[in-house]
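Here's the structure, in C-alpha coordinates; my notes come after.
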Amino acid sequence: MLWRIKDTEIYYEIVGEGKPVLIIHGCAPDHRLMMKCMESVFQKYEGYQRIYIDLPGMGKSNAPDWINSSDHILE
0 MLWRIKDTEI YYEIVGEGKP VLIIHGCAPD HRLMMKCMES VFQKYEGYQR
50 IYIDLPGMGK SNAPDWINSS DHILE
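As C-alpha coordinates, this is what we get:
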(Lines of atoms letter the chains of each structure in order from A; the text may use other names.)
(Lines give C-alpha, C1' and ligand atoms only; values in the text may rest on other atoms or scores of the structure.)
Protein backbone atom coordinates (compact mmCIF):
# COMPACT_ATOMS: atom_id res chain seq x y z
CA MET A 0 0.00 0.00 0.00
CA LEU A 1 1.11 3.58 -0.52
CA TRP A 2 0.69 6.56 1.78
CA ARG A 3 1.10 9.89 -0.02
CA ILE A 4 2.34 13.01 1.74
CA LYS A 5 3.47 16.03 -0.27
CA ASP A 6 5.23 14.51 -3.30
CA THR A 7 6.40 11.45 -1.38
CA GLU A 8 4.96 7.96 -1.60
CA ILE A 9 5.71 5.80 1.44
CA TYR A 10 5.20 2.07 0.93
CA TYR A 11 3.88 0.05 3.85
CA GLU A 12 2.39 -3.33 4.70
CA ILE A 13 0.09 -4.12 7.62
CA VAL A 14 0.10 -7.53 9.32
CA GLY A 15 -2.22 -8.66 12.10
CA GLU A 16 -4.79 -6.91 14.24
CA GLY A 17 -4.68 -5.16 17.59
CA LYS A 18 -2.43 -2.53 19.12
CA PRO A 19 -0.44 -0.86 16.29
CA VAL A 20 3.35 -1.16 16.28
CA LEU A 21 5.34 0.80 13.69
CA ILE A 22 8.39 -1.16 12.49
CA ILE A 23 11.11 1.10 11.04
CA HIS A 24 14.23 -0.28 9.35
CA GLY A 25 17.71 1.23 9.44
CA CYS A 26 19.57 2.62 6.45
CA ALA A 27 19.76 0.37 3.39
CA PRO A 28 17.31 -2.50 4.21
CA ASP A 29 13.57 -2.30 3.61
CA HIS A 30 10.29 -3.67 4.95
CA ARG A 31 11.00 -7.19 3.66
CA LEU A 32 14.04 -7.67 5.89
CA MET A 33 12.17 -6.33 8.90
CA MET A 34 9.23 -8.66 8.26
CA LYS A 35 11.56 -11.66 8.11
CA CYS A 36 13.23 -10.63 11.37
CA MET A 37 10.16 -9.56 13.34
CA GLU A 38 7.31 -11.88 12.34
CA SER A 39 8.86 -14.83 14.18
CA VAL A 40 8.92 -12.68 17.33
CA PHE A 41 5.28 -11.64 16.95
CA GLN A 42 4.12 -15.24 16.40
CA LYS A 43 4.57 -15.68 20.15
CA TYR A 44 2.32 -12.71 20.99
CA GLU A 45 -1.24 -11.94 19.90
CA GLY A 46 -3.01 -8.61 19.69
CA TYR A 47 -0.49 -6.55 17.74
CA GLN A 48 -0.92 -4.94 14.35
CA ARG A 49 2.48 -4.56 12.70
CA ILE A 50 3.02 -1.70 10.26
CA TYR A 51 6.17 -2.19 8.18
CA ILE A 52 7.30 0.86 6.19
CA ASP A 53 9.98 1.64 3.63
CA LEU A 54 11.70 4.93 4.40
CA PRO A 55 11.90 7.47 1.53
CA GLY A 56 14.26 6.31 -1.22
CA MET A 57 14.41 2.76 0.11
CA GLY A 58 12.50 -0.36 -0.87
CA LYS A 59 9.30 0.59 -2.70
CA SER A 60 9.15 4.22 -1.45
CA ASN A 61 10.17 7.01 -3.80
CA ALA A 62 12.84 9.63 -3.08
CA PRO A 63 11.79 13.20 -3.85
CA ASP A 64 14.58 15.73 -4.44
CA TRP A 65 13.91 17.69 -1.25
CA ILE A 66 14.75 14.71 0.97
CA ASN A 67 18.54 14.50 1.12
CA SER A 68 19.08 13.59 4.79
CA SER A 69 17.34 11.81 7.65
CA ASP A 70 16.51 15.23 9.15
CA HIS A 71 14.39 16.02 6.08
CA ILE A 72 12.44 12.79 6.57
CA LEU A 73 11.32 14.08 9.99
CA GLU A 74 10.09 17.36 8.52
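Residue numbers for the sequence shown follow numbering that gives the first Met the number 0, beginning at 0 and rising by one. For glycine and all other residues, C-beta sits at the position ideal for the given N, C-alpha and C.
Listed as beta-bridge partners of GLN48 by DSSP are PRO19. For TRP2, the beta-bridge partners assigned by DSSP are ILE9. DSSP places MET57 outside any alpha helix (DSSP H), giving it a letter other than H or E. Per DSSP, the continuous alpha helix (DSSP H) segment holding LYS35 begins and ends at 30-41. Between SER60 and ASP53 the beta-carbon gap is near 4 Å, inside 8 Å, which marks them as a contact.
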